[in-house]
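**Student:** In the numbering used here, the protein residues as written are 635 to 1345. No residue lacks a Cβ here, since even glycine has one placed at the ideal position from N, Cα and C. Below is one structure. I have some questions about it.
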DNA sequence: ATTAGCGTGCTTTTT
DNA sequence: GCACGCTAAT
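Below, the structure is given as structure tokens:
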């Protein structure tokens, strides 16, 4: 395809910083791929000097493929996520850190387990502070480069921070003892390495002279500094992103990074890609109108050469079930009457819990589907067990891995034996695995038990030995047999054991596939498993003609001819947790999330909501989302009335009858002056969200509040 | 030492 | 509606 003018400028840009503000569907990936190709084939840049960073492995793989098909399969450049690139650097430079080269990467489950342990150890009351809160707080501290000790000093008087600091300290100690790094560490340790070792920094600066970062709006502060450090020497940085598609603020992404790029890199060229090649005019107008309600953004003017296309169908259903059935009916009729393929359609929702009902309905309509990014494989205990074996073999210091599989399958090593081992490990300041050797002459264990653990020890040593001389797939096959892991299920005839065997086989297939195309060391495979989530793999599914179900977050970067977005209701989309007051910035992020969902649609878009929804097992009365009222009527065909005659759509109510609107100034008898952020309904029943000048945002009911309107 | 059964409590999104 | 964690029973 021919590039448009703006795309061409970006593609042909060679030296110096450049920011590409790429609106939804504006051919962002095309620009990156073409520029890389241009650098290699026309600008004389050696491929190995190019570094391309993406946020998901899926994006990285896709980019790799496209570059290889364009510039030739032999070009070798570095493409990967921040995390995988950092992991590779840290393994090479490990001697400058306090870890050995085979450090394990603590995945999410591992992290949760460690936090729980640390909580128990420091005597935190789990009713008061949840593990999740601690993980978030610790992650924030880490990304500020704050150590547990400095956190302790700064926490004086704040009991919450005090607790966080305590848990943080134990958590860190645990990671270090096991030679493990968590996701945050991968980035942070790399930054610290760059900061402290100028020679190493220089080495990588010279190596990666051309840096490209996709989804720049999703970078967090540590990643930002990483880019600054690595890029400051040659300043050949291309940042590509869209502030309107920033949906990861909650995990530290800072939109300001993209908004301030031109300031951070003086002389940066700024290119705006505003022509949309994906959606119809109607869809694009609707999405743009929605986004215009956000205040904190770069205004942009997306346009398309495409015709108007079909109106967006907006329907409020009485229940979540009827909503799901409507999706099923529509899909069936689009296939039967319009010749659509299942694979051309996708269903989006805000939270994973919504998928179950949809799955049930798809099933009863006999619609082939798949759920993207669903738990399953990587959370299966079989996969975790096998992964633990791998980790222990690669890194015998990993006591967590050791503990997990020391008695799986049964080896007669029970809780008490493990407790004795752990106490001894703590006393001697050793890891679990080496404790096994040194405990033999201590007389702490009976001969029988000693025999059992020594046998286990020997088993692992044998695996370590085997690993050195074999490929990952050979090792895994060997491991599964020699540990008796497969046999454990083979001897059982239950259906559960049968699925376990299937999982094991799937695991073997994964290695086999991996060994086929990548380096085939076990260590690489372990990284692959730790850093790659399953939502990353195959877009081959699209070819298998299945309707795809996914969360709005997972929809980013994809496109479908037909899109259904379900559950566009207050408190669900935007999602508002009951315990938190609603922060305007969070509402803006929710709006961006819906925007991302809408802009995935090429031709047909359905926006659905329900008045009653089952959530956490109970029926909850829902109201249409404020976002629905923000989409202009001219883009919409509202089917609520025809579908259900005796029900008046709250959307109509919402958009037509409101005493207050966003921006109105009011006075409250006790809270004082404030600005209306949002209003649902009218009269005394109206539910208002007001940001008070002195007290911040509050939700109130208009009736009892006795508000005065200011002019 | 292992398992089964029951109650609790929690639910966003992910590298 | 679910997963998880705890307890109690074998």
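Could you please give the first and the last residue of the uninterrupted alpha helix (DSSP H) stretch that includes residue 1056?
**Tutor:** 1049-1062
**Student:** Report all residues from its chain with a CB closer than 8 Å to the CB of residue 1020; omit the five preceding and five following residues, and keep chain order.
**Tutor:** Once the five neighbours on either side are set aside, the close Cβ partners of residue 1020 are 1110, 1113, 1114, 1119, 1138, 1141.
**Student:** Consult DSSP for residue 868 and reduce its assignment to one of helix, strand or coil.
**Tutor:** coil
**Student:** Hey, how far is the Cα of residue 1188 from the Cα of residue 1007?
**Tutor:** 7 Å
**Student:** List the endpoints of the continuous beta strand (DSSP E) containing residue 1246.
**Tutor:** 1235-1249
**Student:** For the alpha helix (DSSP H) containing residue 765, name the first residue and the last one.
**Tutor:** 765-777
**Student:** For residue 1039, list the residues DSSP reports as bridge partners.
**Tutor:** Residue 1039 pairs with nothing; no bridge assigned.
**Student:** When DSSP builds the beta bridges, which residues end up paired with residue 903?
**Tutor:** Residue pairing from DSSP places residue 903 in a beta bridge opposite 652.
**Student:** Just tell me which of 1046, 789, 809, 1104 has its CA closest to the CA of residue 1085.
**Tutor:** 1046
**Student:** Residues in its own chain within less than 7 Å of residue 899 by CB, not counting five upstream and five downstream?
**Tutor:** 651, 869, 871
**Student:** How far does the alpha helix (DSSP H) with residue 825 in it reach, from first residue to last?
**Tutor:** Boundaries of the alpha helix (DSSP H) around residue 825: 817-830.
**Student:** May I have the straight-line CA-CA distance separating residue 1288 from residue 904, to the nearest angstrom?
**Tutor:** Here residue 1288 scores only 38 on pLDDT, less than 50, and its place in the model should not be relied on; the value that follows carries that caveat. Computed Cα separation, rounded: 40 Å.
**Student:** Among the residues of its own chain, which have a CB less than 7 Å from the CB of residue 1036, if the five just before and after it don't count?
**Tutor:** 1026, 1066, 1067
**Student:** How many whole angstroms separate the CB atoms of residue 750 and residue 808, which I take to be in contact at a CB cut-off of 8 Å?
**Tutor:** No, residue 750 and residue 808 are not in contact; Cβ-Cβ is about 11 Å, not under 8 Å.
**Student:** Going by DSSP in three states, residue 1031 sits in which element: helix, strand or coil?
**Tutor:** The answer is coil: DSSP assigns residue 1031 none of H, G, I, E or B.
**Student:** Going straight from the alpha carbon of residue 1200 to that of residue 956, what length do you get?
**Tutor:** 11 Å
**Student:** How many angstroms separate the CA atom of residue 636 from the CA atom of residue 713?
**Tutor:** 25 Å
**Student:** What is the DSSP secondary structure of residue 1135, reduced to helix, strand or coil?
**Tutor:** helix
**Student:** Any chance you could list the alpha helix (DSSP H) runs of at least 4 consecutive residues sitting entirely within the segment 923-1004, in chain order?
**Tutor:** 954-972, 989-998
**Student:** Measuring CB to CB, does residue 995 end up less than 7 Å from residue 970?
**Tutor:** Cβ atoms of residue 995 and residue 970: not closer than 7 Å.
**Student:** Whole angstroms is fine: what's the gap from residue 1284's alpha carbon to residue 1229's?
**Tutor:** Because residue 1284 carries a pLDDT of 42, less than 50, the predicted location of this residue cannot be relied on, and the following value inherits that uncertainty. Going by the C-alpha atoms only, they are around 21 Å apart.
**Student:** Rounded C-beta distance between residue 917 and residue 1180? I'm assuming under 8 Å.
**Tutor:** Residue 917 to residue 1180, Cβ: 23 Å. No contact.
**Student:** For the segment 884-893 and the segment 790-808, state whether three or more C-beta atom pairs, one from each stretch, are separated by less than 8 Å.
**Tutor:** no
**Student:** Among 824, 851, 850, which one has its Cα closest to the Cα of residue 838?
**Tutor:** 824
**Student:** Could you check how far apart the C-beta atoms of residue 1225 and residue 928 are, in whole angstroms? I think they sit under 8 Å.
**Tutor:** 6 Å
**Student:** Just grab the DSSP bridge partners of residue 1206 for me.
**Tutor:** 1209
**Student:** Quickly, what does DSSP pair residue 844 with across the bridge? List them, please.
**Tutor:** Under DSSP, the beta-bridge partners assigned to residue 844 are 684.
**Student:** Locate the beta strand (DSSP E) running through residue 714, then write down its first and last residues.
**Tutor:** 712-715
**Student:** Can you check DSSP and say which residues form a bridge with residue 1272?
**Tutor:** In DSSP, residue 1272 forms a bridge with 948.
**Student:** Do residue 1266 and residue 1236 count as a contact pair if the criterion is CB distance below 7 Å?
**Tutor:** Contact flag unset, no.
**Student:** DSSP has residue 608 in a bridge; who is on the other side?
**Tutor:** As displayed, the chain neither begins before 635 nor continues past 1345, which places residue 608 out of reach and without an answer.
**Student:** In angstroms with no decimal places, state the Cα-to-Cα distance between residue 920 and residue 1258.
**Tutor:** Going by the C-alpha atoms only, they are around 17 Å apart.
**Student:** Applying the criterion that 16 or more other CB atoms from any shown protein chain within 10 Å of the CB defines a buried residue, is residue 1217 buried or exposed?
**Tutor:** Its Cβ having fewer than 16 others within 10 Å, residue 1217 is exposed.
**Student:** Where residue 842 and residue 656 are concerned, what is the direct C-alpha to C-alpha distance, given to the nearest angstrom?
**Tutor:** 24 Å
**Student:** Taking DSSP as the reference, what is the three-state secondary structure of residue 808?
**Tutor:** The answer is helix: DSSP assigns residue 808 an H, G or I state.
**Student:** Taking DSSP's pairing of strands, which residues face residue 909 in a bridge?
**Tutor:** 937
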